[in-house]
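Just so you know, the sequences run in chain order A and B.
Just so you know, the first sequence maps onto residues 567 to 654 in my numbering.
Just so you know, the second sequence maps onto residues 124 to 489 in my numbering.
The beta carbon of each residue, even a glycine, is placed where N, CA and C say it ideally should be.
Predicted model, so just to flag it, every value in this text is computed and none were measured.
Have a look at the structure below before the remarks.
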Amino acid sequence: LPISHEDSEDIDEFTKQDLQFAERYLKTHYNLHSNPAGIMRKSADTVASKLREMQSFFGLEVTGKLDEETYELMQQPRCGVPDVGEYN
Amino acid sequence: FFPRKLKWSKNNLTYRIVNYTPDLKRAEVDRAIKKAFKVWSDVTPLNFTRIRSGTADIMISFGIKEHGDFYPFDGPSGLLAHAFPPGPNTGGDAHFDDDELWSTDSKGYNLFLVAAHEFGHSLGLEHSRDPGALMFPVYTYTGNTGFLLPDDDVQGIQELYGAGDYDPNPKHPKTPEKCDANLTLDGITDLRGEMMIFKDRFFWRLHPQMVDAELVQIKSFWPELPSKVDAAYENPIKDHVFMFRGRKFWALNGYDIIEGYPKKIYELGFPKNLKAIDGAVHISDTGKTLFFTGNKYWSYDEDTQALEKGYPRLIEEDFPGIGDKVDAVYQKNGYMYFFNGPLQFEYSIWSKRVMRVLNTNSIFWC
Chain A
567 LPISHEDSED
577 IDEFTKQDLQ
587 FAERYLKTHY
597 NLHSNPAGIM
607 RKSADTVASK
617 LREMQSFFGL
627 EVTGKLDEET
637 YELMQQPRCG
647 VPDVGEYN
Chain B
124 FFPRKLKWSK
134 NNLTYRIVNY
144 TPDLKRAEVD
154 RAIKKAFKVW
164 SDVTPLNFTR
174 IRSGTADIMI
184 SFGIKEHGDF
194 YPFDGPSGLL
204 AHAFPPGPNT
214 GGDAHFDDDE
224 LWSTDSKGYN
234 LFLVAAHEFG
244 HSLGLEHSRD
254 PGALMFPVYT
264 YTGNTGFLLP
274 DDDVQGIQEL
284 YGAGDYDPNP
294 KHPKTPEKCD
304 ANLTLDGITD
314 LRGEMMIFKD
324 RFFWRLHPQM
334 VDAELVQIKS
344 FWPELPSKVD
354 AAYENPIKDH
364 VFMFRGRKFW
374 ALNGYDIIEG
384 YPKKIYELGF
394 PKNLKAIDGA
404 VHISDTGKTL
414 FFTGNKYWSY
424 DEDTQALEKG
434 YPRLIEEDFP
444 GIGDKVDAVY
454 QKNGYMYFFN
464 GPLQFEYSIW
474 SKRVMRVLNT
484 NSIFWC
């Protein structure tokens, strides 16, 4: 999950697995499109906008960055249906 | 709603339970599924008929990881289940992750509650942002009996299918709005520096450093507690929080309910005919806890663990200006805040008088 540079202080909180988990979460529930096989880096803005969508849905502070509260909510047991849009 | 507001074009739908989880008896699964469909048939013209072979509109199955629909489950917790919006083939189908522990109570994930949520999708509802709604995406245990479909879900499903002929439980609970001008509260307590503000089946967690209060269902934190609280207070010396409902009370240490509770309020010394406590507050300086019931109040000495002599006394006599009943009360920095309906009274313990009258919702900076 590319955390843009101004959030680098957050990156220390999260392991690589955490970031992958968060990316999977956004793919499953917020239609974050998967990256063509490494050909291009997904723009951090796309991820930030999906994070903003999720934070807004759950009434969290909308920052567009992966903070602790957002990550904690991602870990809660839930339904697998997307929160926005629809199944592919 | 799903894009294009997908819905069934008929009211008579069929369902089939294709397989079973080993966690429950078949009859328990059958009952949970039937009860989950009834949640929706009670508030719409929809009818659900079970078939035991062939293809039903709503096919119900348990599976793990990749289970045939390219939306794999993920092992224990995380994704619990999913369902597809109305339509042919997989449309309407509901799948449950059998890597979860399914139960008929709060020991595992409650199959009835998850199935009722998933069937909302099968009928055309997407997720709700309302944390009190059944269609909220995060699992919330709301108790094992007396389920009432929240108003938000009723609004949604009736926009798709209209209302049914007869709703056996017409009082559908609404999620409280913290800035409602007429907001009233049930109870307030501190808990290790956070404030917990109780209303109906919810409480708001208010962190001193945060403006936004988090709304949580009582049952999702404490499945054993009732889904509504009359009063609560913290004794910081003992690091215990006491919660009152009717004639019972529970003691919590942090978020854990202490062994041996609930107890009866008359064990504190109250008369046996006392039905409930309206408000409670511990005054650290004196070591006393004040209990408010009706138009009277009592003082309880936490050291001697007994009600003080000379009580109950009239609220209006000792706390002039706050009215003759208390919904909730807490103390902070030498003041007591009495909540009575949509108003709160800031009462100076030192000068023994009301200093300010505020709206109840101003506790949320509204």
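Checklist entry - Between V477 of chain B and Y458 of chain B, what straight-line distance do the alpha-carbon atoms span, to the nearest angstrom? => result Position 354 of the second sequence, counted from the start, is the residue given in the question as residue 477 of chain B. Position 335 of the second sequence, counted from the start, is the residue given in the question as residue 458 of chain B. Their backbone Cα atoms lie some 9 angstroms apart in a straight line.
Item to check | Three-state secondary structure (DSSP) of Y284 of chain B | outcome: Stepping through the second sequence from its first residue, residue 284 of chain B is reached at position 161. Helix at Y284 of chain B.
Checklist entry - D146 of chain B and L224 of chain B look like a contact to me (Cβ under 8 angstroms); what is the Cβ gap, rounded to whole Å? => result For this step, residue 146 of chain B is matched to residue 23 along the second sequence. For this step, residue 224 of chain B is matched to residue 101 along the second sequence. About 6 angstroms separates the two Cβ atoms, so the contact holds.
Item to check | Proximal residues of chain B, C-beta to C-beta of V613 of chain A below 8 angstroms | outcome: Residue mapping note: residue 613 of chain A aligns to position 47 of the first sequence, counting from 1. Result: empty, since nearest Cβ-Cβ is about 20 angstroms, beyond 8 angstroms.
Item to check | Segments of 4+ residues assigned as alpha helix (DSSP H) that fall wholly inside the segment 408-446 of chain B | outcome: Runs of the alpha helix (DSSP H) inside the segment 408-446 of chain B: 438-441.
Item to check | chain A within 8 angstroms of D317 of chain B, Cβ atoms only | outcome: Within the second sequence, numbered from 1, the residue matching residue 317 of chain B stands at position 194. It should be pointed out that residue 317 of chain B corresponds to Glu in this sequence rather than to Asp. It does not; no Cβ of chain A falls within 8 angstroms.
Checklist entry - F105 of chain B by DSSP, collapsed to three states: which one? => result Only positions 124 to 489 of chain B appear in the structure, and residue 105 of chain B is not among them; the question remains open.
Item to check | Within the segment 174-262 of chain B, ranges of the alpha helix (DSSP H) (whole runs, at least 4 residues) | outcome: Whole alpha helix (DSSP H) segments, 4+ residues: 234-246.
Checklist entry - When you compare only the Cα positions, how much space is there between T307 of chain B and G177 of chain B? => result The residue you call residue 307 of chain B lines up with position 184 of the second sequence. The residue you call residue 177 of chain B lines up with position 54 of the second sequence. One C-alpha to the other measures close to 53 angstroms.
Checklist entry - Which residues bound the beta strand (DSSP E) around H405 of chain B? => result Here the question's residue 405 of chain B lines up with position 282 in the second sequence. Boundaries of the beta strand (DSSP E) around H405 of chain B: G402 to I406.
Next on the checklist: Quick check on the burial criterion: 16 or more other C-beta atoms within 10 angstroms. Buried or exposed for D275 of chain B?
Outcome noted: By 1-based counting over the second sequence, the position of residue 275 of chain B is 152. By the neighbour-count rule (16 or more Cβ atoms within 10 Å), D275 of chain B is buried.
Next on the checklist: For a quick check, are the C-beta atoms of K301 of chain B and F487 of chain B less than 8 angstroms apart?
Outcome noted: For this step, residue 301 of chain B is matched to residue 178 along the second sequence. For this step, residue 487 of chain B is matched to residue 364 along the second sequence. Taking 8 angstroms as the Cβ cut-off, K301 of chain B and F487 of chain B qualify as a contacting pair.
Next on the checklist: Please state whether the Cβ-Cβ distance between E357 of chain B and T312 of chain B is less than 8 angstroms.
Outcome noted: As a first step, residue 357 of chain B must be located in the second sequence, where it is residue number 234. As a first step, residue 312 of chain B must be located in the second sequence, where it is residue number 189. E357 of chain B places its beta carbon less than 8 angstroms from that of T312 of chain B.
Checklist entry - Does Y138 of chain B come within less than 8 angstroms of chain A when only Cβ atoms are used? => result In the second sequence, residue 138 of chain B corresponds to position 15, counting from 1. Not an interface residue.
Checklist entry - At a Cβ cut of 8 angstroms, what residues of the segment 191-209 of chain B count as close to chain A, listed as they run along the chain? => result Within the segment 191-209 of chain B, the residues whose Cβ lies closer than 8 angstroms to some Cβ of chain A are Y194, F196, S200, G201, L202, L203, A204, H205, A206, F207 and P208, listed in chain order.
Next on the checklist: Quick check: K425 of chain B and T412 of chain B, are their CB atoms within less than 8 angstroms of each other?
Outcome noted: Position 302 of the second sequence, counted from the first residue, corresponds to residue 425 of chain B. Position 289 of the second sequence, counted from the first residue, corresponds to residue 412 of chain B. Correcting the residue type first, residue 425 of chain B is Glu in the shown sequence and not Lys. The answer is yes: Cβ separation under 8 angstroms.
Next on the checklist: Contact criterion: CB-CB distance below 8 angstroms. Does V261 of chain B meet it with respect to chain A?
Outcome noted: Translated into positions along the second sequence, residue 261 of chain B becomes position 138. At a cut-off of 8 angstroms between beta carbons, V261 of chain B contacts chain A.
Next on the checklist: I'd like the ranges of any alpha helix (DSSP H) spanning at least 4 consecutive residues and lying wholly in the segment 299-379 of chain B.
Outcome noted: Whole alpha helix (DSSP H) segments, 4+ residues: 341-344.
Next on the checklist: Using a Cβ-Cβ cutoff of less than 7 angstroms, which residues in the same chain neighbour R436 of chain B once the five nearest sequence positions on both sides are dropped?
Outcome noted: Along the second sequence, one-based indexing puts residue 436 of chain B at 313. Cβ neighbours of R436 of chain B beyond the five flanking positions: K419 and Y420.
Checklist entry - Taking Cβ to Cβ, would you say P260 of chain B is nearer than 8 angstroms to D649 of chain A? => result Walking along the second sequence from the start, residue 260 of chain B turns up at place 137. Walking along the first sequence from the start, residue 649 of chain A turns up at place 83. Yes, the Cβ-Cβ distance between P260 of chain B and D649 of chain A is below 8 angstroms.
Checklist entry - Under 8 angstroms between the Cβ atoms of T268 of chain B and L236 of chain B? => result Residue mapping note: residue 268 of chain B aligns to position 145 of the second sequence, counting from 1. Residue mapping note: residue 236 of chain B aligns to position 113 of the second sequence, counting from 1. Going by C-beta atoms, T268 of chain B is not nearer than 8 angstroms to L236 of chain B.
Checklist entry - What in chain B is Cβ-close to F623 of chain A, meaning under 9 angstroms? => result As a working note, residue 623 of chain A is residue 57 in the first sequence. Within chain B, the residues near F623 of chain A are H250, R252 and P260.
Item to check | DSSP-derived helix/strand/coil call for K387 of chain B | outcome: Indexing the second sequence from 1 puts residue 387 of chain B at position 264. DSSP, reduced to helix, strand and coil, places K387 of chain B within a strand of the structure shown.
Item to check | Sequence-distant residues of the same chain with beta carbon closer than 6 angstroms to T227 of chain B, five excluded per side | outcome: Looking up residue 227 of chain B in the second sequence gives position 104. Apart from the 5 residues on each side of it in sequence, T227 of chain B sits with its Cβ closer than 6 angstroms to the Cβ of E151 in its chain, given in chain order.
Checklist entry - Using the C-alpha atoms, what's the distance from A451 of chain B back to F462 of chain B? => result Looking up residue 462 of chain B in the second sequence gives position 339. Looking up residue 451 of chain B in the second sequence gives position 328. The alpha-carbon atoms of F462 of chain B and A451 of chain B are separated by roughly 5 angstroms.
Checklist entry - Of the choices B:F414, B:G316, B:D180 and B:D165, whose alpha-carbon is the least far from that of K133 of chain B? => result By one-based count along the second sequence, residue 133 of chain B stands at place 10. Between K133 of chain B and the set B:F414, B:G316, B:D180 and B:D165, the nearest pair of CA atoms involves B:D180.
Checklist entry - Is the distance from the Cβ of F365 of chain B to the Cβ of I388 of chain B below 8 angstroms? => result Here residue 365 of chain B refers to the residue found at position 242 when the second sequence is read from its first residue. Here residue 388 of chain B refers to the residue found at position 265 when the second sequence is read from its first residue. Not in contact: F365 of chain B and I388 of chain B (Cβ atoms no closer than 8 angstroms).
Next on the checklist: So for A588 of chain A, helix, strand or coil by DSSP?
Outcome noted: Walking along the first sequence from the start, residue 588 of chain A turns up at place 22. In the displayed model, A588 of chain A falls within a helix according to three-state DSSP.
Next on the checklist: In the DSSP assignment, the beta strand (DSSP E) including A451 of chain B goes from what residue to what residue?
Outcome noted: Translated into positions along the second sequence, residue 451 of chain B becomes position 328. Membership of A451 of chain B in the beta strand (DSSP E) is indicated by the continuous run A451 to K455.
Item to check | Among B:S422, B:K294 and B:K157, nearest to D441 of chain B - alpha-carbon criterion | outcome: Within the second sequence, residue 441 of chain B is the residue found at index 318, counting from 1. Nearest C-alpha to D441 of chain B among B:S422, B:K294 and B:K157: B:S422.
Checklist entry - Quick one: is H330 of chain B near chain A, going by C-beta distance under 8 angstroms? => result Your numbering for residue 330 of chain B matches position 207 in the second sequence. No, no contact with chain A.
Next on the checklist: Rounding to the nearest angstrom, what Cα-Cα distance links K582 of chain A and K188 of chain B in this structure?
Outcome noted: Against the first sequence, residue 582 of chain A aligns to sequence position 16. Against the second sequence, residue 188 of chain B aligns to sequence position 65. C-alpha of K582 of chain A to C-alpha of K188 of chain B: approximately 22 angstroms in a straight line.
Next on the checklist: Can you tell me where the alpha helix (DSSP H) holding F160 of chain B begins and where it ends?
Outcome noted: Locating residue 160 of chain B in the second sequence gives position 37, counting from the first residue. In the DSSP assignment, F160 of chain B falls within the alpha helix (DSSP H) that extends over R149 to S164.
Checklist entry - Under a three-way DSSP split, which group does V613 of chain A fall into? => result Working through the first sequence from its first residue, we reach residue 613 of chain A at position 47. Per DSSP, reduced to three states, the secondary structure at V613 of chain A is helical.
Checklist entry - Who are the neighbours of Y264 of chain B on chain C, taking C-beta pairs under 9 angstroms? => result This model lacks chain C altogether; the protein chains it does include are A and B.
Item to check | Span separating the alpha-carbon of Q281 of chain B from that of L246 of chain B | outcome: Counted from its first residue, the second sequence places residue 281 of chain B at position 158. Counted from its first residue, the second sequence places residue 246 of chain B at position 123. Between Q281 of chain B and L246 of chain B, the C-alpha separation is close to 11 angstroms.
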